[in-house]
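Colleague:
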Amino acid sequence: MRRVLDFGLPAMAFGLLIIGGVVGLAIAPPERDMGDVYRIIYVHVPAALGALIAYTTTLVASLVYLFKSSWAADAIAESSAEVGVVLNGMLLITGSIWGRPTWGVWWTWDPRLTTAAIMFFAFVGYLALRRFVDAPEKRATWASVVAIIVYVDIPIVWFSVRWWNSLHQLQSSPNTIPDPMMKLALRLNAFALLFFFLWFTRQRYRIARTRQRVELMEPPALAPAMGGTP
Amino acid sequence: MNNAAENTAASMSVARTPSTTTERERPRLGLLRATFGIIAKDFLLEWRGRARINATIFFAVLTLLLFSFAVGPHHAILEQNAPGYLWLAIMLASVMSLGESQRVEAENAALEGLRLLALDPRAIYLGKSIVNMLFLMALALVLVPVSIALYGTTIRAGMGPLFSPLLLGTAAISAPGTLYAAIAVQARARDVLLPLLLFPILIPGLLAAVKATSLVLTGDPMGELVSWTMLLGAFNVVYWILCGLLFGRVIEE
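What follows is the structure in structure tokens.
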């Protein structure tokens with residue numbers, strides 16, 4: 027199982043990405059209004075999905091840690107949050123690159139964009155907290171608490187930005203994807219990034235578990251002394 | 043032999059007593075009384091020093107002054123942006139005030155003492171965040187006349203309607219702020235960590251507070267004030283409950 031995953035996850039990720047890239051860049055037709063520029067969607071939308079899945083994984087793992095005090099859950103929360111921040115950063119960068127030719131601006135106060143940006147900073151704060159706390163139990167508990175608070179903020183941010191921006195002209199999003207090849211490319215890339223997420227998170231999880239083992243290990247000099255006292 | 047058996051029985055009963063739930067619950071004060079106790083303690087502590095409120099007020103007024111230097115002496119722009127500057131000053135100053143409120147607990151292991159009293163952690167949370175809210179509210183009430191003087195703001199709807207966005211906005215800062223300050227004060231680089239954690243999640247609260255304040259100041263022809271106040275209220279309900287529930291886990295040993 028271990029070796030299957032070791033080999034299978036990156037193979038699936040790269041395989042799907044290559045096929046998806048070929049379908050998206052060469053086979054799928056250009057979009058009616060935007061021409062070839064739209065093709066960045068094949069990275070942009072999968073990144074958004076991946077980030078959302080990663081943050082949700084962090085939330086679930088944090089809840090599990092708070093109720094069960096499971097170190098594995100803490101390691102999962104840390105790993106998936108880190109991969110989520112990377113995907114979120116990718117989302118913001120591709121969004122900006124796409125926004126410039128289609129909307130004429132690098133940035134707009136659209137609810138989705140703004141929410142993505144705020145989540146990026148909120149989870150960077152979460153990762154910073156993990157770096158700034160040395161005691162493993164405290165770090166895990168506090169990080170879980172912060173992850174829950176941040177995740178709960180996502181819908182509130184979205185609604186508030188939508189209302190706040192409602193007086194300005196809302197940027198229309200491109201029409202839904204009509205061509206089957208476009209759909210196929212999008213799906214292939216979405217799964218490719220999902221496998222990348224799983225692969226990266228798994229690798230990062232191993233590092234986190236190794237660190238935990240070192241941190242939680244009893245200092246060898248203390249062990250007999252502690253065993254000696256009743 | 044008999045003596046030894048009695049001893050064992052006595053020590054067993056002693057050992058058993060604290061573990062039964064009724065015995066553990068008894069020394070607890072009621073939630074309300076404990077909360078008031080914490081509030082009274084914090085106010086007494088502040089009254090004896092008066093350092094926190096003074097420093098916070100001067101810092102916030104200075105921030106308001108800095109905004110006008112950064113923007114330049116354009117009265118129209120300053121007046122239009124006054125609610126934004128006011129809330130930014132409150133938010134920046136809140137980091138100092140929140141940090142200070144938890145620093146007094148971290149010093150000399152004062153929090154340890156509170157825990158030993160077997161207080162409900164929710165009472166500690168509620169007490170501390172209510173004090174933080176009242177502090178920020180006092181700060182806001184000082185900053186409003188200052189921003190009127192500096193930016194030439196006029197309050198069209200009167201002081202009464204201004205009260206509710208100020209109160210809800212400062213409550214929105216203190217709810218997650220108190221919890222985050224309790225975390226940050228025990229971490230390394232706490233002065234960096236608190237704003238880094240707090241500011242991103244406060245953004246919806248800030249948006250709603252600025253909007254509501256600006257509608258009170260400049261008039262509300264479209265009747266939007268109610269929906270912004272409700273959003274601010276919802277933010278408060280969510281975070282006061284959530285942080286109250288989670289606070290126990292943050293201060294546990």
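Chain order of the listed sequences is A and B.
Basically our numbering = 1-based index in the first sequence + 26.
Basically our numbering = 1-based index in the second sequence + 42.
No residue lacks a Cβ here, since even glycine has one placed at the ideal position from N, Cα and C.
1) Please identify, using Cβ separations under 8 Å, the residues of the region 263-295 of chain B that lie next to chain A, in order along the chain.
2) Please state the DSSP three-state secondary structure of residue 194 (chain B).
3) By alpha-carbon positions, which one of B:128, B:211, B:242 ends up nearest to residue 276 (chain B)?
4) Note down, in chain order, every chain A residue with its Cβ under 9 Å from the Cβ of residue 95 (chain B).
5) How big is the Cα-Cα spacing for residue 82 (chain B) and residue 88 (chain B)?
6) Starting from the C-beta of residue 128 (chain A), find all residues in its chain whose C-beta is less than 7 Å away, skip the five residues before and the five after it, and write them out in chain order.
7) Applying a beta-carbon distance threshold of less than 8 Å, which residues of chain A neighbour residue 254 (chain B)?
8) Cβ-heavy atom distance between residue 129 (chain B) and the ligand FAD below 6 Å?
9) Considering residue 191 (chain A), what are the terminal residues of the alpha helix (DSSP H) in which it resides?
10) What residues from chain B crowd round residue 167 (chain A), counting only those whose CB sits closer than 9 Å?
11) Would a check of beta-carbon distances place residue 159 (chain A) closer than 7 Å to chain B?
12) Just the chain B side, please: which residues come within less than 8 Å of residue 59 (chain A) by C-beta, in chain order?
13) Using the C-alpha atoms, what's the distance from residue 243 (chain B) back to residue 287 (chain B)?
14) Considering only residues of the same chain and omitting the five flanking positions on each side of residue 68 (chain B), which have a CB-CB separation below 8 Å?
15) Measure the alpha-carbon distance for residue 209 (chain B) versus residue 271 (chain B) and round it to whole angstroms.
16) Would residue 173 (chain A) be called buried (16 or more neighbouring beta carbons within 10 Å of its own) or exposed?
17) Can you name the residues of chain B whose CB is closer than 7 Å to the CB of residue 130 (chain A)?
18) Please say whether residue 173 (chain B) and residue 84 (chain B) have beta carbons closer to each other than 7 Å?
19) So, for residue 66 (chain A): in the same chain, excluding its five sequence neighbours on each side, which residues have a beta-carbon less than 7 Å away from its beta-carbon?
20) Report the residue from B:138, B:189, B:130 whose alpha carbon sits nearest the alpha carbon of residue 227 (chain B).
21) Output yes or no for whether 7 Å exceeds the beta carbon distance between residue 77 (chain B) and residue 165 (chain B).
22) Please name the residue or residues paired with residue 61 (chain A) in a DSSP beta bridge.
23) Would a C-beta distance cut-off of 7 Å place residue 105 (chain A) and residue 218 (chain A) closer than the cut-off?
24) Thinking just about the alpha-carbon of each residue, which of A:31, A:33, A:42, A:28 is nearest to the one in residue 210 (chain A)?
25) Using the beta-carbon of each residue, which ones in chain A are nearer than 8 Å to residue 218 (chain B)?
26) What's the call for residue 46 (chain A), buried or exposed, on a 16-neighbour Cβ count within 10 Å?
27) With three or more beta-carbon pairs closer than 8 Å as the criterion, would you say the region 131-151 of chain B touches the region 99-113 of chain B?
28) Does residue 111 (chain A) come within less than 7 Å of chain B when only Cβ atoms are used?
29) What is the DSSP secondary structure of residue 116 (chain B), reduced to helix, strand or coil?
30) If contact is defined by three or more beta carbon pairs under 8 Å, each pair taking one atom from either stretch, is the region 228-240 of chain B in contact with the region 155-168 of chain A?
31) Would you report the Cα separation of residue 52 (chain A) and residue 44 (chain A), rounded to the nearest angstrom?
32) When Cβ atoms are compared, which residues of the region 232-258 of chain B fall closer than 7 Å to chain A?
33) According to DSSP, simplified to helix, strand and coil, what is residue 228 (chain B)?
34) In or out: residue 175 (chain B) buried (at least 16 other Cβ within 10 Å) or exposed?
35) Return no unless some Cβ of chain B is closer than 7 Å to the Cβ of residue 97 (chain A).
36) With a 10 Å radius around its C-beta and 16 neighbouring C-beta atoms as the bar for buried, classify residue 308 (chain B) as buried or exposed.
Modeller: Checking against the coordinates, here is how it stands:
1) 269, 270, 273, 276, 277, 280, 281, 284, 285, 288, 291, 292, 294
2) Translated into positions along the second sequence, residue 194 (chain B) becomes position 152. Here residue 194 (chain B) sits in coil by DSSP.
3) In the second sequence, the residue the question calls residue 276 (chain B) occupies position 234. Checked all of B:128, B:211, B:242; the closest Cα to residue 276 (chain B) is B:211.
4) Within the second sequence, residue 95 (chain B) is the residue found at index 53, counting from 1. Simply none; closest approach about 27 Å.
5) The residue labelled residue 82 (chain B) in the question sits at position 40 within the second sequence. The residue labelled residue 88 (chain B) in the question sits at position 46 within the second sequence. If I take the Cα positions, the gap works out to 10 Å.
6) Mapped onto the first sequence, residue 128 (chain A) falls at position 102. Taken in chain order, the residues that qualify are 60, 63.
7) The residue given as residue 254 (chain B) occupies position 212 in the second sequence. Correct list: empty, because the minimum Cβ distance to chain A is about 11 Å.
8) The ligand FAD is not part of the structure shown, which contains no ligands of any sort.
9) Here the question's residue 191 (chain A) lines up with position 165 in the first sequence. Neither: residue 191 (chain A) is in no alpha helix (DSSP H) and is coded neither H nor E.
10) The residue labelled residue 167 (chain A) in the question sits at position 141 within the first sequence. Ordered by position in chain B, the residues that pass the 9 Å Cβ test against residue 167 (chain A) are 291, 292, 294.
11) Indexing the first sequence from 1 puts residue 159 (chain A) at position 133. Output row for residue 159 (chain A): interface = yes.
12) The residue you call residue 59 (chain A) lines up with position 33 of the first sequence. Correct list: empty, because the minimum Cβ distance to chain B is about 32 Å.
13) Here the question's residue 287 (chain B) lines up with position 245 in the second sequence. Here the question's residue 243 (chain B) lines up with position 201 in the second sequence. Approximately 18 Å between the Cα atoms of the pair.
14) The residue labelled residue 68 (chain B) in the question sits at position 26 within the second sequence. With a pLDDT of only 49 at residue 68 (chain B), under the threshold of 50, the placement of this residue in the model should not be trusted, and no figure is reported.
15) Locating residue 209 (chain B) in the second sequence gives position 167, where the first residue counts as 1. Locating residue 271 (chain B) in the second sequence gives position 229, where the first residue counts as 1. Answer to the nearest angstrom: the Cα atoms are 11 Å apart.
16) Here residue 173 (chain A) corresponds to residue number 147 of the first sequence, with the count starting at 1. That one is buried.
17) Here residue 130 (chain A) refers to the residue found at position 104 of the first sequence. What residue 130 (chain A) touches in chain B: nothing, since even the nearest Cβ is about 25 Å away.
18) Counting from one through the second sequence, the residue named residue 84 (chain B) turns up at place 42. Counting from one through the second sequence, the residue named residue 173 (chain B) turns up at place 131. Yes. Within cutoff.
19) Here the question's residue 66 (chain A) lines up with position 40 in the first sequence. Answer for residue 66 (chain A): 120, 123, 124, listed in chain order.
20) Reading the second sequence from its first residue, position 185 is the one you call residue 227 (chain B). When each option's Cα is compared against that of residue 227 (chain B), the closest is B:138.
21) Your numbering for residue 77 (chain B) matches position 35 in the second sequence. Your numbering for residue 165 (chain B) matches position 123 in the second sequence. The answer is yes: Cβ separation under 7 Å.
22) The residue labelled residue 61 (chain A) in the question sits at position 35 within the first sequence. Answer is A:57, bridged to residue 61 (chain A).
23) Mapped onto the first sequence, residue 105 (chain A) falls at position 79. Mapped onto the first sequence, residue 218 (chain A) falls at position 192. For residue 105 (chain A) and residue 218 (chain A), no; Cβs fall outside 7 Å.
24) For the purposes of this step, residue 210 (chain A) is identified with residue 184 of the first sequence, where counting begins at 1. Here the closest residue by C-alpha is A:42.
25) Here residue 218 (chain B) corresponds to residue number 176 of the second sequence, with the count starting at 1. Ordered by position in chain A, the residues that pass the 8 Å Cβ test against residue 218 (chain B) are 175.
26) Translated into positions along the first sequence, residue 46 (chain A) becomes position 20. Residue 46 (chain A) comes out buried.
27) yes
28) Start at 1 with the first residue of the first sequence, and residue 111 (chain A) comes out as number 85. No - not a single Cβ of chain B is within 7 Å of the one on residue 111 (chain A).
29) Taking the first residue of the second sequence as position 1, residue 116 (chain B) is located at position 74. Coil.
30) yes
31) Numbered from 1 along the first sequence, position 26 holds the residue referred to as residue 52 (chain A). Numbered from 1 along the first sequence, position 18 holds the residue referred to as residue 44 (chain A). Going from the Cα of residue 52 (chain A) to the Cα of residue 44 (chain A) covers about 12 Å.
32) 235, 238, 239, 242, 243, 245, 246, 249, 250, 253
33) Here residue 228 (chain B) is taken as the residue at index 186 of the second sequence, counted from 1. Coil at residue 228 (chain B), not helix or strand.
34) Indexing the second sequence from 1 puts residue 175 (chain B) at position 133. Buried, since its Cβ has 16 or more Cβ neighbours within 10 Å.
35) Position 71 of the first sequence holds residue 97 (chain A). With 7 Å as the cut-off, residue 97 (chain A) does not count as an interface residue toward chain B.
36) Residue 308 (chain B) is absent from the model: chain B starts at 43 and stops at 295.
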